[in-house]
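Trainee: Before we start, here is the structure in question, set down as structure tokens.
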Amino acid sequence: MPTLPSGLLILAAALSIGACGDDGGPSDGTSGAQPGPVLPNNLSSVISLDTVAATAVLPLYRGEDMAGNSVYFIITESNKIDESVRLGLNWTPKLVHALRTKAVQQATAATGGGANPNNFPVVQFSGNVDFSPTRNLVPGPQLFPLDPSTTPGSVGDANYSPVFTLDTTGDTTTAIVYNAPHVANSTGLHDRVISIDTVGMQVTMKLVKGFYEGFPILYASTDVSDNDLAALEMGTFTPNLNETPFPGDDKPFRSAREAIIPVINGPTGVDNPSRQGLQSAILGEGDPLNIFQEQAGCANPSDPSQFCDAVLYSPLWDATPVKWTQAAIDAGIRDRITSDKREVIAPLNIIDLLADGYLEPGTPGGARNSSLGGLPAAGIIINCPIIFVEEPSR
Numbered sequence: 096m097p098t099l100p101s102g103l104l105i106l107a108a109a110l111s112i113g114a115c116g117d118d119g120g121p122s123d124g125t126s127g128a129q130p131g132p133v134l135p136n137n138l139s140s141v142i143s144l145d146t147v148a149a150t151a152v153l154p155l156y157r158g159e160d161m162a163g164n165s166v167y168f169i170i171t172e173s174n175k176i177d178e179s180v181r182l183g184l185n186w187t188p189k190l191v192h193a194l195r196t197k198a199v200q201q202a203t204a205a206t207g208g209g210a211n212p213n214n215f216p217v218v219q220f221s222g223n224v225d226f227s228p229t230r231n232l233v234p235g236p237q238l239f240p241l242d243p244s245t246t247p248g249s250v251g252d253a254n255y256s257p258v259f260t261l262d263t264t265g266d267t268t269t270a271i272v273y274n275a276p277h278v279a280n281s282t283g284l285h286d287r288v289i290s291i292d293t294v295g296m297q298v299t300m301k302l303v304k305g306f307y308e309g310f311p312i313l314y315a316s317t318d319v320s321d322n323d324l325a326a327l328e329m330g331t332f333t334p335n336l337n338e339t340p341f342p343g344d345d346k347p348f349r350s351a352r353e354a355i356i357p358v359i360n361g362p363t364g365v366d367n368p369s370r371q372g373l374q375s376a377i378l379g380e381g382d383p384l385n386i387f388q389e390q391a392g393c394a395n396p397s398d399p400s401q402f403c404d405a406v407l408y409s410p411l412w413d414a415t416p417v418k419w420t421q422a423a424i425d426a427g428i429r430d431r432i433t434s435d436k437r438e439v440i441a442p443l444n445i446i447d448l449l450a451d452g453y454l455e456p457g458t459p460g461g462a463r464n465s466s467l468g469g470l471p472a473a474g475i476i477i478n479c480p481i482i483f484v485e486e487p488s489r
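Residue numbering for the sequence shown is 96 to 489, as defined by this note's numbering.
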């Protein structure tokens, strides 16, 4: 698939939003929901996207640490639909459930946002990131879990979280919560930053490949609450993220999590079309090809009768790993999995394989996720904003 020209995704979003004034009421005169903005499956603020190289150019924002030094970040999600449309973000109403926990950093507006895209204020953060460590990925005896000497390439301090709010009231009905991973400061760059332009306010980042309901997706992996997975994902080690409610729970009325399913021991081999898994990634064969339970996007958020992916979507992914059983491996059943549930294009799926005994929990003692057949969660959050999903996935 070729590189998408600059502004194409934003234009598509704008055209969709422009349709929101059309009369969507039924012709018989009965009341009907007015069409709202059509929120795309893709992050519409992306400046350019290369789906082959798996890179994206994103708007860059400047903030400050408590000493007044420059901090640079991206913004990928908010819980408020109007703000998501204004900034070209993924809409994720679930994010507000993390408010009043350490998973949300309290920040303040330092000055007006004349130097930032979209007139966004210069934000002063109480938490910061040390980007100076050298990432050291050391395989364990079975590749994964990793050796204890493994270290991530960046570490958040005691106050850091990529999720922040400027609200001081704690009122979940009015507060705006943003997902805004830090990517640079005076200590260095995030490991996934390819290049950064602090004058033109753009950053190019290396994305990660994964799957949603059989479709390939691209996402940014920026922060992880676990030391080992932070090193593997090239993310910032951010323990505060695991304060996000609730492990093993993805209910949209109380949880800010959604499940991501890493396969620990999938097929290996750099040229193997069935390749997948954490062990394969540790061998340097490519991305782990994790399975996502939900996507962003919404056809009509104003109509409660229509299903809206964004209501369930969250970038704060609840790691819920699986392992192929030895019986499945011996029977030759082990293959690449691309969906959590059965789909026409993805008959091989997590729920059925778990029920049939071909998969087993990777972390058997964790909180059980009822939407995944009782599969236990690991108690680890991976901050992975979805950047691109093929349109047919809607």
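Glycine is no exception: its CB is placed at the ideal position from the N, C-alpha and C atoms.
None of the values given here were measured: they were computed from a predicted structure.
Evaluate the contact criterion for the region 160-168 versus the region 271-284: three or more CB pairs, one atom per stretch, below 8 Å.
Mentor: The region 160-168 is in contact with the region 271-284.
Trainee: Assuming S316 contacts V303 under a Cβ cut-off of 8 Å, what Cβ separation, rounded to an integer in Å, is found between them?
Mentor: Indeed, because the Cβ distance is near 5 Å, the residues count as touching under 8 Å.
Trainee: For the region 294-308 against the region 191-199, are there 3 or more C-beta pairs whose distance is under 8 Å?
Mentor: Touching, no.
Trainee: State the beta-bridge partners of T150 as determined by DSSP.
Mentor: Answer by DSSP bridge pairing, in chain order: D145, K301.
Trainee: Short of 6 Å in beta carbon distance, which residues of its chain neighbour P154, apart from the five on each side in sequence? Order them along the chain.
Mentor: S140, P212.
Trainee: Which parts of the region 155-217 are runs of the alpha helix (DSSP H), unbroken and 4 residues or longer, counting only runs that do not cross its ends?
Mentor: Listed in chain order, they are 176-182.
Trainee: Determine the contact status of Q201 and G158, defining contact as a CB-CB distance below 9 Å.
Mentor: No; because the gap between Cβ atoms is not below 9 Å, this pair is not in contact.
Trainee: Please work out which residues of its chain come closer than 6 Å, Cβ to Cβ, to A423, disregarding the five sequence neighbours upstream and downstream, and give them in chain order.
Mentor: Excluding sequence neighbours, A423 sits near R429, Y453.
Trainee: If you reduce the DSSP assignment to three classes, tell me which class A391 lands in.
Mentor: It is coil, neither helix nor strand.
Trainee: Which word fits A148, buried or exposed, when buried means at least 16 other C-beta atoms lie within 10 angstroms of its C-beta?
Mentor: A148 should be labelled exposed.
Trainee: If I measure Cβ to Cβ from V484 and keep anything under 7 Å in the same chain, skipping five residues before and after, which residues do I get?
Mentor: Correct list, in chain order: N136, N137, Y307, F310, I312, Q390.
Trainee: I'd like to check one pair, D225 with G251: are the Cβ atoms closer than 9 Å?
Mentor: Cβ atoms of G251 and D225: closer than 9 Å.
Trainee: Does the Cβ of D117 have 16 or more other Cβ atoms within 10 Å, making it buried, or fewer, making it exposed?
Mentor: Legend: pLDDT at D117 = 32, less than 50; position of this residue unreliable, value from coordinates given subsequently. Under this definition D117 is an exposed residue.
Trainee: Kindly indicate which three-state DSSP category P362 falls into: helix, strand or coil?
Mentor: Residue state, collapsed to three classes: coil.
Trainee: Apart from the five residues on each side of it in sequence, which residues of its chain come closer than 6 Å, Cβ to Cβ, to T268?
Mentor: None.
Trainee: Have a look at the DSSP bridge pairing and note the partners of V278.
Mentor: DSSP lists no partner for V278.
Trainee: List the endpoints of the continuous alpha helix (DSSP H) containing E328.
Mentor: From DSSP, the alpha helix (DSSP H) with E328 extends over 322-328.
Trainee: Give every residue of the same chain whose Cβ lies closer than 6 Å to the Cβ of T331, excluding the five residues on either side of it in the sequence, and list them in chain order.
Mentor: Here the set comprises V224, S249, G251, D318.
Trainee: Would you check if the distance between the CB atom of S350 and the CB atom of K189 is smaller than 9 Å?
Mentor: Against a cut-off of 9 Å, the Cβ pair of K189 and S350 comes out as a contact.
Trainee: For the alpha helix (DSSP H) holding A405, just list the boundary residues, first then last.
Mentor: 404-407 is the extent of the alpha helix (DSSP H) around A405.
Trainee: Tell me, which residues are paired with K88 by DSSP?
Mentor: Because the chain spans 96 through 489 in this model, residue 88 falls outside it and cannot be assessed.
Trainee: Enumerate in chain order the residues of its own chain whose CB-to-CB distance from P347 is below 8 Å, with the five nearest sequence positions on each side excluded.
Mentor: If we look at P347 and ignore the five residues flanking it on each side, its Cβ neighbours are P188, K189, V406, L407.
Trainee: Which residue comes first and which comes last in the beta strand (DSSP E) that contains A354?
Mentor: Unbroken beta strand (DSSP E) run through A354: 353-356.
Trainee: Just to confirm before moving on: does the CB-CB distance between I355 and D413 stay below 9 Å?
Mentor: Their beta carbons are under 9 Å apart, which means I355 touches D413 by this criterion.
Trainee: Candidates F215, N335, L241: which alpha carbon is nearest V258's?
Mentor: The shortest C-alpha separation from V258 is found at N335.
Trainee: For the alpha helix (DSSP H) containing D447, list its first residue and its last residue.
Mentor: It spans 445-450 - the alpha helix (DSSP H) in which D447 sits, taken as one unbroken run.
Trainee: Provide the residue span of the alpha helix (DSSP H) that contains S290, from first to last.
Mentor: Here S290 belongs to no alpha helix (DSSP H); instead the beta strand (DSSP E) covers 288-292.
Trainee: Quick one: using the 10 Å Cβ neighbour count with 16 as the cut-off for buried, is Q237 buried or exposed?
Mentor: So Q237 ends up on the exposed side.
Trainee: Please classify A472: does DSSP put it in a helix, a strand, or coil?
Mentor: It is coil, neither helix nor strand.
Trainee: Which term fits G381, buried or exposed, when burial requires 16 or more other beta carbons within 10 angstroms of its beta carbon?
Mentor: Exposed, since its Cβ has fewer than 16 Cβ neighbours within 10 Å.
Trainee: If you count every other CB in all the chains shown that lies within 10 Å of the CB of C479, and 16 or more means buried, which is it?
Mentor: That one is buried.
Trainee: Rounded to a whole number of angstroms, what is the C-alpha to C-alpha distance between S256 and G427?
Mentor: Between S256 and G427, the C-alpha separation is close to 43 Å.
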